[in-house]
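Every number in this note's numbering is 10 more than the matching position in the sequence shown, counting from 1. Here's the structure we're looking at; comments come further down.
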Amino acid sequence: MTVPVSIRTPSQPCPFCPTEFDISFYLPTAFQTNQPEPTNSLITVREQPAMKVYARTFTGFADSVAWKTEAGKLYADLLRNGVSDSTLDKRMMICAGYDSPFHLFNRRNEVWIAVKPQA
């Protein structure tokens, strides 16, 4: 498995709306020219354009509550440090995990807030 495993979660229009997300695995350069084709129609291969993100690292087994809590802390830290709200892409948060599920201690997780691309 490659890392990080990123989970993109769009902002929800309401607290009761179902949560949709997609999970992405990084495909190393050595495999990008002859990548395997998905055998399931729900799996797609897509190229992720370069992007800039602000990141906050935290430890432990992360669940949806932890991701949202850490994203809120990151957002508050950014505003407190002079980052303009208008420069942040708040349509989604991105969660990144770096450890196998079998790695029990000193786990590394990150939550990312993307910077809006400049027009």
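In this text, a Cβ means the ideal position worked out from N, Cα and C, and glycines have one as well. Since the model is a prediction, treat every value here as computed from it, not as a measurement.
- The beta carbon of residue 99 sits closer than 6 Å to the beta carbons of 124 and 126 from its chain, once the five residues preceding and following it are set aside; these are given in chain order.
- In summary, residue 53 is exposed, with fewer than 16 beta-carbon neighbours lying within 10 Å of its beta-carbon over all protein chains present.
- In the structure shown, the three-state DSSP call for residue 117 is coil.
- Bounds of any alpha helix (DSSP H) do not take in residue 15; it lies within the beta strand (DSSP E) bounded by 15-20.
- Taking 8 Å as the cut-off, the Cβ atoms of residue 80 and residue 71 do not count as close.
- Residue 49 has its alpha-carbon roughly 42 Å from the corresponding atom of residue 87.
- Taking residue 63 as the centre and dropping the five residues before and after it, the same chain places the C-beta of 104, 122, 123, 124 and 125 closer than 8 Å to its C-beta, in chain order.
- If you draw a straight line from the Cα of residue 21 to the Cα of residue 65, it is about 17 Å long.
- Between residue 102 and residue 43, the gap from beta carbon to beta carbon reaches 8 Å or more.
- The beta-bridge partner set that DSSP reports for residue 105 consists of 17 and 121.
- Beta-bridge partners of residue 99 (DSSP): 124.
- Around the beta-carbon of residue 109, 16 or more other beta-carbon atoms lie within 10 Å, marking it buried.
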